[in-house]
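Visitor: Below: one structure in structure tokens.
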Amino acid sequence: MVSKSQITVRYAETDQMGIAHHSVYPIWFEVARTDFIKKIGMTYTEMEKAGIMLPLAELQCKYIFPTHYEDELTVEVYIKALTPARIEFAYTVYRYGEDNPVATGSTLHAWTDTNKRIVNMKRYHNDIYELIEKAFE
């Protein structure tokens with residue numbers, strides 16, 4: 237499953253040159269990832285109440301073209317890899333209506349309990365793992 241989220245570059249996200257600062261792309265990835273989880277049928281809050289956390293282990297971002305204040309963007313996200321111990325998301329950022337990406341990236345997360353211990357999701361919460369797995373197929 238590929239999820240799409242809309243982002244408008246805000247003034248506070250730009251630098252002195254009027255270009256979106258590199259530090260906001262991971263925030264946009266998080267917006268898209270949160271939307272993705274909602275679209276498959278649950279929220280991050282519900283996952284955390286069930287005792288599941290997704291701490292970030294790795295972040296990668298490639299900046300291809302700059303974005304500017306008030307640019308309308310689409311952030312696409314999908315699950316790139318899934319195991320019972322971790323999940324990796326892939327992201328592509330486009331200007332709305334355009335085909336060429338302005339950035340790409342990925343985030344790798346561990347499945348943990350609320351004490352930040354890595355868990356096997358198939359054993360810990362198989363129902364949630366199966367929900368995620370369906371979105372991966």
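Using the numbering used here, you'd call the opening residue of the sequence shown number 237 and step up by one each time. Ideal Cβ placement from N, Cα and C applies to all residues, glycine included. Fair warning: this is a prediction, and the values are worked out from it, not measured in the lab.
Should S259 be labelled buried (16 or more other beta-carbon atoms within 10 Å of its own) or exposed?
Guide: exposed
Visitor: Under 8 Å between the Cβ atoms of E306 and T328?
Guide: no
Visitor: Taking the alpha-carbon of P262 as reference, which of I273, E249, M253 and K274 has the nearest alpha-carbon?
Guide: E249
Visitor: Give the secondary structure of I273 by DSSP, where H, G and I count as helix, E and B as strand, and everything else as coil.
Guide: helix
Visitor: Under a Cβ-count criterion, where at least 16 other Cβ atoms within 10 Å of its own Cβ denotes burial, should I364 be classed as buried or exposed?
Guide: buried
Visitor: If we ignore side chains and look at the alpha-carbon of each, how far apart do S241 and I323 end up?
Guide: 20 Å
Visitor: Quick one: using the 10 Å Cβ neighbour count with 16 as the cut-off for buried, is M357 buried or exposed?
Guide: buried
Visitor: On the three-state DSSP scale, how would you describe M357?
Guide: Here M357 sits in helix by DSSP.
Visitor: Using a 10 Å radius around the Cβ and a threshold of 16 neighbouring Cβ atoms, would you call F301 buried or exposed?
Guide: exposed
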